[in-house]
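Notes for the one structure printed next.
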Amino acid sequence: MIRIFIGKDDVENVAYHTLCNSIINKATVPVSITPIYLNNFKEFFNRERDIKQSNEFAFSRFLVPYLCGFQGHAIWMDCDMMLRADINDLWEQRMFDKALQVVKHDYTPHDQVKYLGAKQYPYEKKNWSSVILWNCAHFHTRRLTPEYITQATGLNLHQFKWTEEDRIGNLSQDWNHLVGEYPYNPDAKLVHWTVGGPYFKEYAHCDYADEWVTEFAEMTNCLQLDEI
48 MIRIFIGKDD VENVAYHTLC NSIINKATVP VSITPIYLNN FKEFFNRERD
98 IKQSNEFAFS RFLVPYLCGF QGHAIWMDCD MMLRADINDL WEQRMFDKAL
148 QVVKHDYTPH DQVKYLGAKQ YPYEKKNWSS VILWNCAHFH TRRLTPEYIT
198 QATGLNLHQF KWTEEDRIGN LSQDWNHLVG EYPYNPDAKL VHWTVGGPYF
248 KEYAHCDYAD EWVTEFAEMT NCLQLDEI
């Protein structure tokens, strides 16, 4: 079974549920999907929200190895995404000598403001942590306890300063295609609306919006008696 953890923020509920639907629809193996929602972690994680955070799961994403008991592998995703391929294709890329694997983006954001008026903050390794294939059992990820994550700086966490560069494995860019930052890619396996998704009016006509609308319709579908 593939363990998947997705950030959940109340301002993008529809994004979370549609992403889940896209994963389940295309998966060829069983998946277990867990939301990372701050209300569920109050007993052991209560880090205050940073003014630079555009979502609630900026830091709680690093709890994934801890939640897995520091065993096995797991996948992390931000909620503002959609799968266009079988998640097992990503799972099969697991590397056991790496602490984690990510798409190593090298770009500067085009815009200074993104969805809901949030300021866009450029920094080294930006968006590397938005899709993570975790090796939860690696001795470096064992450093990511709730206590460490509560105290560490944002850059320490998102720039993976708790590990070493040669412990960060690579994933191809089509597993975290940044919509609005990269040209349209018909072969993208996972699209990421980091600037703003089609569920926001301002981005209703962005790349892959039609596919998301179709996925959303399937997610909300329920057979009615008169359709039988």
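Quick note: the sequence shown uses my numbering, first residue 48, plus one each step. Every residue gets a Cβ at the ideal spot worked out from N, C-alpha and C, and that includes glycine.
Margin query: Classify Cys-269: buried if its beta carbon has 16 or more other beta carbons within 10 angstroms, exposed otherwise.
Written below: Exposed is the call here.
In whole angstroms, what separates the C-alpha of Gly-216 from that of Pro-82?
-> Cα to Cα, Gly-216 sits roughly 24 Å from Pro-82.
Limits of the unbroken beta strand (DSSP E) element including Gln-148:
It spans 147-150 - the beta strand (DSSP E) in which Gln-148 sits, taken as one unbroken run.
Just to confirm the assignment, what range does the alpha helix (DSSP H) spanning Trp-181 have? Following the DSSP letters along the chain, one finds Trp-181 in no alpha helix (DSSP H) but inside the beta strand (DSSP E) bounded by residues 178-182.
Once DSSP output is grouped into helix, strand and coil, what is the label at Arg-50?
Here Arg-50 carries a strand assignment [DSSP, helix/strand/coil].
| beta strand (DSSP E) segment containing Ser-79, residue limits | That run of the beta strand (DSSP E) goes 78-83.
### Message
Quick check: the Cα distance between Tyr-113 and Glu-274, rounded to an integer number of angstroms?
### Response
Approximately 46 Å between the Cα atoms of the pair.
According to DSSP, simplified to helix, strand and coil, what is Ile-196?
Helix, per DSSP.
Assuming contact is defined by CB atoms lying nearer than 9 Å, are Ser-69 and Glu-262 in contact in what I supplied? Yes; because the gap between Cβ atoms is below 9 Å, this pair is in contact.
Buried or exposed for Phe-23, going by 16 or more other Cβ atoms inside 10 Å?
Absent from the structure is residue 23, since the part of the chain shown begins at 48 and ends at 275.
Buried or exposed: which applies to Asn-102, given that a residue is buried once 16 or more other Cβ atoms fall within 10 Å of its Cβ? Of the other Cβ atoms in all chains shown, 16 or more fall within 10 Å of the Cβ of Asn-102; this residue is therefore buried.
Checklist entry - Taking buried to mean at least 16 other C-beta atoms within 10 Å of its own C-beta, is Gly-54 buried or exposed? => result Flag for Gly-54 reads buried.
- [ ] Please specify which runs of the beta strand (DSSP E), each continuous and at least 3 residues long, are wholly inside the segment 184-252, giving them in chain order.
- [x] Here the runs fully enclosed are 215-218 and 237-239.
Q. Can you name, in chain order, every residue of its own chain whose Cβ lies under 7 Å from the Cβ of Glu-171, other than the five neighbours on each side?
A. Sequence-distant Cβ neighbours of Glu-171 in its own chain, meaning closer than 7 Å and more than five residues away, are Gln-206.
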